[in-house]
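Here is the structure we will look at.
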Amino acid sequence: MVEKFLELVEDTSVPTTAKVLQSGFTWLTLFKYAYKFCWACERGQRLGAMSRRDMMPLNPILIVEIFDVWGINFMGPFPPSSGYEYILVGVDYASQWVKAVATKTNDHKVVVKFI
Numbered sequence: 633m634v635e636k637f638l639e640l641v642e643d644t645s646v647p648t649t650a651k652v653l654q655s656g657f658t659w660l661t662l663f664k665y666a667y668k669f670c671w672a673c674e675r676g677q678r679l680g681a682m683s684r685r686d687m688m689p690l691n692p693i694l695i696v697e698i699f700d701v702w703g704i705n706f707m708g709p710f711p712p713s714s715g716y717e718y719i720l721v722g723v724d725y726a727s728q729w730v731k732a733v734a735t736k737t738n739d740h741k742v743v744v745k746f747i
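Under this note's numbering, read the sequence shown as residues 633 to 747, first letter to last.
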């Protein structure tokens, strides 16, 4: 299997592998094969250990529940249509759910009614 992995790595580019993984496909043994691949790489072994100066800092991942974080914006003014000139758009960042409402004005009263 490691031989197949090595052939695959030589045949495909890093961006292609990244696109496959970002598309949601899973590769259960990816880290095991990558570890073996790195240890088998002669050039990488000659570079030596990574110093603390070269390491990237770890950033925490925020866990957000659905409908906890919203983005609300007005769009417009547009040419009037039945008296409506603006669109109020609300987007939930976690689920990407969108709600849009046509409004006549772009003031706080419309936003309060929307929420």
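Cβ coordinates follow ideal geometry from the N, Cα and C atoms, glycine included.
Environment of residue i [buried if 16+ CB atoms lie within 10 Å]
| i | result |
| --- | --- |
| Leu720 | buried |
| Asp643 | Because the pLDDT of Asp643 is 49, which lies under 50, any placement of that residue in the model is unreliable, and the number read from its coordinates should be weighed accordingly. Result: exposed. |
| Thr735 | buried |
| Val634 | For Val634, the predicted structure reports a pLDDT of 48, less than 50, and the residue's modelled location is therefore unreliable. The matter cannot be settled from this model. |
| Ile747 | exposed |
Proximity test, residue i beta-carbon vs the ligand MG heavy atom, cut-off 8 angstroms
| i | result |
| --- | --- |
| Asn691 | What this structure holds is no ligand at all, so the ligand MG is not there to describe. |
Nearest-angstrom beta carbon gap, residue j and residue i [assumed within contact, 8 angstroms]
| i | j | result |
| --- | --- | --- |
| Phe699 | Tyr718 | Actually they are not in contact, since the Cβ atoms of Phe699 and Tyr718 sit about 23 angstroms apart, beyond 8 angstroms. |
Test item: CB-CB of residue i and residue j under 9 angstroms
| i | j | result |
| --- | --- | --- |
| Val743 | Lys731 | no |
| Tyr725 | Gly703 | yes |
Are the segment 685-692 and the segment 665-672 in contact at 8 angstroms, needing three or more beta carbon pairs?
no
Complete beta strand (DSSP E) runs within the segment 688-733 (minimum length 3 residues, chain order):
Here the runs fully enclosed are 702-707 and 718-724.
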